Each structure stands twice: as C-alpha cells, then as structure tokens.
Amino acid sequence: MKGHPRLDKGGTLGPVRALLHDLAPVIRGFWARSSVYLRKGTARRAVNLVTLAKRIYSEFSEDRIPAVAGGITFFFLLAIFPAIACVVSLYSFFEDRSSLLEGLQMVSGFLPGGAILVISTELKRLIATKPAALDLTFALGFIVAVWSASGGIKSIIDGLNIAFETVETRGFLKLTIGTLLLTVVVVTLAAGVIYLSVTLQKLIASQHSTLLQTTYNILVWPLGFCICSSVISVIYRYGPDRVRTPWCWITWGSTFAALFWLLGTWLFTWYALHFGSYDRTYGVLGGAVGFLTWIWLSIVLLLTGAEIVCELDLKRSPKVNRPGSRARPPRKASTKLAD
Numbered sequence: 000m001k002g003h004p005r006l007d008k009g010g011t012l013g014p015v016r017a018l019l020h021d022l023a024p025v026i027r028g029f030w031a032r033s034s035v036y037l038r039k040g041t042a043r044r045a046v047n048l049v050t051l052a053k054r055i056y057s058e059f060s061e062d063r064i065p066a067v068a069g070g071i072t073f074f075f076l077l078a079i080f081p082a083i084a085c086v087v088s089l090y091s092f093f094e095d096r097s098s099l100l101e102g103l104q105m106v107s108g109f110l111p112g113g114a115i116l117v118i119s120t121e122l123k124r125l126i127a128t129k130p131a132a133l134d135l136t137f138a139l140g141f142i143v144a145v146w147s148a149s150g151g152i153k154s155i156i157d158g159l160n161i162a163f164e165t166v167e168t169r170g171f172l173k174l175t176i177g178t179l180l181l182t183v184v185v186v187t188l189a190a191g192v193i194y195l196s197v198t199l200q201k202l203i204a205s206q207h208s209t210l211l212q213t214t215y216n217i218l219v220w221p222l223g224f225c226i227c228s229s230v231i232s233v234i235y236r237y238g239p240d241r242v243r244t245p246w247c248w249i250t251w252g253s254t255f256a257a258l259f260w261l262l263g264t265w266l267f268t269w270y271a272l273h274f275g276s277y278d279r280t281y282g283v284l285g286g287a288v289g290f291l292t293w294i295w296l297s298i299v300l301l302l303t304g305a306e307i308v309c310e311l312d313l314k315r316s317p318k319v320n321r322p323g324s325r326a327r328p329p330r331k332a333s334t335k336l337a338d
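Everything in the sequence shown is counted per numbering that gives the first Met the number 0, starting at 0 for the first residue and increasing by one.
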C-alpha cells in the first residue's frame, strides 16, 4: 500500500514512525477539540472571576468595610497592651523575657516604625518589672489580661459577622468562652513563634554558618505566610456566628488576607520610611498615628478576605437560609459564577 510508511518499498521510517503516522489523525482531532474546550473554559473562568470580583466589591462597599475597620481599630488598640502583657507572661515560662526585644528587632525592618516604637516601649516597661511568681496573684493577673485582650477579638468577631452577613445569636456565655479561647490561642501562638524564632536565630548564630543563615532568611517568609494564613483560617472558621464554612472556601480568603497583609505591611513600611510625614504632621503622635493606620489596613484586609469567603460560600449554596443571617433582600446567584 503506497503512502503507508510501514509498507513503503523503501522501508526507511520504521515501526515507530509508522505508529505515529497511524495516530496522527487521532492526535489532530483531539488537539482541535481540546483547543476549543480550553478557549471556552478560559473565557468562562475569566467571566466567573470578573463576576466574583464585582460581587465582592459590591459587598465591600455595602458593608462599609473601611468604617467598620475603623471602629474595630479603636477596640483593638485598647486590647493590644493587655495582649502584650499576656505574651510576656507566657514567654517568661520558656525564656528570659528580655530576649523578647531580640525577637522584635528581627522584624524591625518589616513592621512600621510606629508599631515598633509602641510595642518596644511597652515591652521595655514590662521587662523592667519583676516577674511574678507562679501563684494565685499571677493567675488572676493573667486572667484579667486575657479578659481585657479578648475585647479586640470580640470586635473582630463583630466585624466578621457583618462581612459574613450574619447577626450574633449566641448567648453571652457561649460567645465569651469562644472569644476567650480564640484570644488564648492567638496569644499562645504569638509567644511560641517568638520563642522559636529567637531560639533558632541563636542556634544559627552559634554555628557561624552562612548557608544556615541564608536558608533561614529565605524560609522565614513562607513560614510566616503559612502561620498567618492558618491563624486567619481559624478565625474565619470559628469566629462568626454562622454555619461552618468549608475549609476549601476559607483557604481562599485566608490566603488572600495573609498574602496581601504581608505585602501591604512591607509597602506601608517602605512608604512611611521614604515618603510618610506622620512626625511632621502629627508631631509626637506621629508614631502612634502610623501604628493605628497599619492596624486599620490590616483589619480591612482581614474583613475583605471574609467577604471573599462569604461570596464563594454563597456560590455553593445561594438559596440556603443560614441561622443568624441578616434580613436582606435576596441576591440572585449568578448562573455564570455557579458554573
């Protein structure tokens, strides 16, 4: 049969080329169908992302996220100093509390100068005081500090209820216990992360290894991202009063919030260092104003991530009436997004 490579008189192509010759029409047909599917799928996904972005922006504006974040910032500021006291108390169990300043120095180039100034001033004041013994007085002081710090977590929960379109239906006892547990988790994690960071840094310094130091400097960023994303995921999951949202949707929102918080903090620090004029504008309050602005931006990103989770969960079940949902005119779920 002339034209078939296996049966040509020359026999120069061999069995492999003959097989490719036989499969060529099948491959061409599969590629043609796949190209059409990929073009349609890419266009559909692009439309879905645009629709999702529009809905998130609409909810961001409707829920007045910047104004809500401003209110949370006030209560968070009242809670930040008791939270620092809790971290110092827990940290003193594992290491000398004066090494906390070393941990703060490690992030001095990342956090805004105002935040470093406020936190370092409070740390120095607490370090200068005599550590309390493990007695009833220490326990009562720690409980009072946790209770005071839980006010910041409570304000964040209120903001998450707004972002997730729910009203608080939990009783005082249940809400208080949940808030205190979240506060203890955050404080314990903060103390543990600082302890591990300082310990690793001392261990690497004792080895005098440039390779270890370089590896640590590279890995600290992805590790920090994973820790931030995990903490935010827990807050999204157990903070608001709503049916448990699947982890797959929570991961999207927490990834956005953690990634843009790290990037936004770095950009804000760079801006405040090179272009910011807080000291010239606000005088001695410049550092505090910069610190408040950074907290506000952080909470805005946290609530924006919650809006993303809410919209993705709405796509999953747009007609489900969730316990505690706010009385709003029902929104039509986009059929394009549901695809």
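For every residue, glycine included, the Cβ atom is placed at its ideal position computed from N, Cα and C. As the structure is a prediction and not an experimental result, all values here were calculated from the model.
Quick one: is residue i buried, meaning 16 or more other Cβ sit within 10 Å of its Cβ, or exposed?
i, result
"I176", "exposed"
"L300", "buried"
"L195", "exposed"
"R96", "buried"
"E167", "exposed"
"S57", "exposed"
"S107", "exposed"
"F171", "exposed"
"A305", "buried"
"E164", "buried"
"K153", "buried"
"F267", "buried"
"S297", "buried"
If you reduce the DSSP assignment to three classes, tell me which class residue i lands in.
i, result
"T198", "helix"
"T165", "strand"
"P245", "coil"
"G263", "helix"
"S276", "coil"
"W295", "helix"
"G289", "helix"
"E94", "coil"
How is the alpha helix (DSSP H) around residue i delimited, first residue to last?
i, result
"P221", "209-237"
"S119", "112-127"
"S88", "64-90"
"G102", "99-105"
Rounding to the nearest angstrom, what Cα-Cα distance links residue i and residue j in this structure?
i, j, result
"K53", "R243", "25 Å"
"R241", "L302", "15 Å"
"C309", "L51", "11 Å"
"T187", "Y277", "33 Å"
"W246", "A127", "43 Å"
"I161", "A256", "17 Å"
"L365", "N216", "No information on residue 365 is available, as it lies outside the stretch 0 to 338 that the chain covers here."
"S253", "V230", "8 Å"
"W265", "A68", "20 Å"
"A84", "N47", "46 Å"
"S60", "F80", "31 Å"
"W248", "P239", "15 Å"
"W269", "G112", "10 Å"
Under 7 Å: does the beta carbon of residue i sit that close to some heavy atom of the ligand NAD?
i, result
"G238", "The ligand NAD is not part of this structure, which contains no ligands at all."
For residue i, decide whether its Cβ has a neighbour in chain D, counting only Cβ atoms nearer than 8 Å.
i, result
"T280", "No chain D is present in this structure, which holds just one protein chain."
Indicate whether the contact test is met: 3 or more Cβ pairs, each with one atom in the stretch 87-99 and one in the stretch 68-76, closer than 8 Å.
Counting Cβ pairs under 8 Å, fewer than three are found: no touch.
So does the stretch 278-296 actually touch the stretch 138-157, counting three or more Cβ pairs closer than 8 Å?
The stretch 278-296 is not in contact with the stretch 138-157.
Specify whether the stretch 107-122 and the stretch 143-150 touch according to this definition: at least 3 beta carbon pairs, one from each stretch, less than 8 Å apart.
Under the Cβ criterion (8 Å, minimum of three pairs), the stretch 107-122 does not count as touching the stretch 143-150.
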